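Each remark here refers to the structure printed beneath this line.
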Amino acid sequence: MSKNDSVSETVTQTTRFLLTSSNYTIWVLPMSAKLEDIGIRTYVTGVLKTDEKTSADELAQIEKLNVKAYSMIIQNLDSENLALVSTTLPPSNHFDGKALWSLLRRKYAGSDLAARSVALDVFLDLEYEDVSTFCNSIRLANQKLLLAGIMLDDQVKMMIMLRKLPREDFRSFRDIVAMGFSTESFEAIVKRLESYSVTNKISKDNKKSSIEPRMTLHTLAQPSSQPSDPTPSVSPVCVHCKKTGHRPTNCWVKYPEKAPKSPHSSHYTHYIHASGELRPIDEHCPQEVRF
850 MSKNDSVSET
860 VTQTTRFLLT
870 SSNYTIWVLP
880 MSAKLEDIGI
890 RTYVTGVLKT
900 DEKTSADELA
910 QIEKLNVKAY
920 SMIIQNLDSE
930 NLALVSTTLP
940 PSNHFDGKAL
950 WSLLRRKYAG
960 SDLAARSVAL
970 DVFLDLEYED
980 VSTFCNSIRL
990 ANQKLLLAGI
1000 MLDDQVKMMI
1010 MLRKLPREDF
1020 RSFRDIVAMG
1030 FSTESFEAIV
1040 KRLESYSVTN
1050 KISKDNKKSS
1060 IEPRMTLHTL
1070 AQPSSQPSDP
1080 TPSVSPVCVH
1090 CKKTGHRPTN
1100 CWVKYPEKAP
1110 KSPHSSHYTH
1120 YIHASGELRP
1130 IDEHCPQEVR
1140 F
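Just so we're aligned, residue 850 is where the sequence shown starts under my numbering, counting upward by one.
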């Protein structure tokens, strides 16, 4: 082995991509490749089944590689997943690569109701921040749907994705997709979104600028939203006649000249005497409350 080959092998063996609580869909790809390199991927992932026809030599080779697969997977887990394995995997399955792989798959890509619900929630709750982050996040969310066995139609996923885009910046893109590319695959639409954002120079700053004017208008509108002479929802008691229903400046007791003078209006032909009696109004009517 040459010196360069030795260095390359050392770098390959020491380079690790650790599994975390949020990167399983990415982690599983290089990990599968590593298992394929040692010839045990199909068995660990459950594709290859052993039976009574499997020879003893083949079983011995599978068992040896299965232990190596366990060691390889363990070395590519973060502390949180190491704790998961130590508390969840039965002692009888220690150094069993297939059992360890199944445990992690059930945790992050299970097909039971709980796992499917989580995968669907991740896709539906995804929010737009900027184009690059959004496209990466929605790809990962789509992979989680597929791993959980949720086979949503591409058009359904496309419509959900389009509704998450800011209308101000992507109105034309939504129209273009709806009219000409609605039958394309979901991944093709995501690529078109990336291309559209580059062509139209849409970035994170565009979103901020589209929001800030509304915030500014709202801030400027606040002083004018407070009336200089507010009208209360419940009329205050008049300081002149001690009754409600009118302003002090319009009180007929204080300002009798403001009272209606029509003699034909029965509404103003009586007044309330100080004794509490209802009496007809005449030219000698005292200045008391009329109604």
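The beta carbon of each residue, even a glycine, is placed where N, CA and C say it ideally should be.
Model, not experiment: these values are computed from the prediction.
Query	Result
Inter-residue Cα distance where the pair is Val1047 and Ala1037	16 Å
Length of the line joining the Cα atoms of Ala990 and Gly959	14 Å
Neighbourhood of Ile923 by C-beta distance below 8 Å, restricted to the same chain and skipping five residues each side	Leu931, Val934 and Leu949
Residues bridged to Leu841 (per DSSP)	A query on residue 841 cannot be resolved here, the shown segment of the chain reaching from 850 to 1140 and no further.
The stretch 871 to 881 touching the stretch 985 to 1005, judged by at least three CB pairs closer than 8 Å	yes
Whole-angstrom C-beta distance between Thr937 and Leu952, which should lie under 8 Å	6 Å
Start-to-end residues for the alpha helix (DSSP H) that takes in Tyr919	Ala905 to Ile923
Nearest-angstrom Cα separation, counted from Glu929 out to Glu912	27 Å
Span separating the alpha-carbon of Tyr919 from that of His943	8 Å
DSSP-derived helix/strand/coil call for Leu996	helix
In DSSP terms, what Leu1042 is bridged to	In the DSSP output, where bridge partners are listed per residue, Leu1042 has none listed.
Leu933 (DSSP reduced to helix, strand or coil)	helix
Beta bridge counterpart(s) of Leu1142 as assigned by DSSP	In the structure displayed, the chain extends from 850 to 1140; residue 1142 sits before or after that span and is not available.
Cut-off 6 Å between Cβ atoms - residues of its own chain near Lys1103, not counting five sequence neighbours on either side	His1089
Assigned secondary structure, Arg965 (DSSP; H/G/I helix, E/B strand, else coil)	helix
Backbone CA spacing between Lys1040 and Leu1014 [nearest angstrom]	14 Å
Rounded straight-line distance, which links the Cα of Lys883 to that of Phe866	11 Å
For Ile1009 and Leu1042, believed in contact at Cβ under 8 Å, the rounded distance	About 13 Å separates the two Cβ atoms, so there is no contact after all.
Cut-off 7 Å between Cβ atoms - residues of its own chain near Leu1011, not counting five sequence neighbours on either side	Arg1023 and Val1026
6 Å CB neighbourhood of Ser1059 in its chain, flanking five on each side removed	Below a pLDDT of 50, predicted positions are generally treated as unreliable, and Ser1059, at 45, falls in that range; the measurement from the model is reported next regardless. Excluding sequence neighbours, Ser1059 sits near Glu1017.
heavy atom of the ligand SAH below 7 Å from Ile1025 C-beta	Inclusion of the ligand SAH in the displayed structure is not the case, the ligand content being empty and no account of it being possible.
Contact set for Leu1069: own chain, Cβ-Cβ below 7 Å, skip 5 residues either direction	For Leu1069, the pLDDT reaches just 47, beneath the cut-off of 50, and the residue's location in the model is therefore unreliable, although a value from the coordinates is still provided. There are no such residues.
Cα-Cα separation between Phe833 and Leu975, rounded to whole angstroms	What the structure shows of the chain is the stretch from 850 to 1140, and residue 833 is not part of that stretch, so it cannot be assessed.
Backbone CA spacing between Ser1044 and Glu1033 [nearest angstrom]	15 Å
Asp961 to Ser981 span [Cα, whole Å]	31 Å
Collapsed DSSP secondary structure at Ala1108 in the structure displayed	coil
Neighbourhood of Met880 by C-beta, 7 Å cutoff - its chain only, sequence neighbours within 5 removed	Ile922 and Asn925
Endpoints, the alpha helix (DSSP H) within which Thr874 is located	Tyr873 to Asp886
Cβ separation of Thr899 and Leu908, assumed to be a contact under 8 Å, to the nearest whole Å	6 Å
Bounding residues of the alpha helix (DSSP H) (the contiguous stretch that carries Ser1021)	Arg1016 to Gly1029
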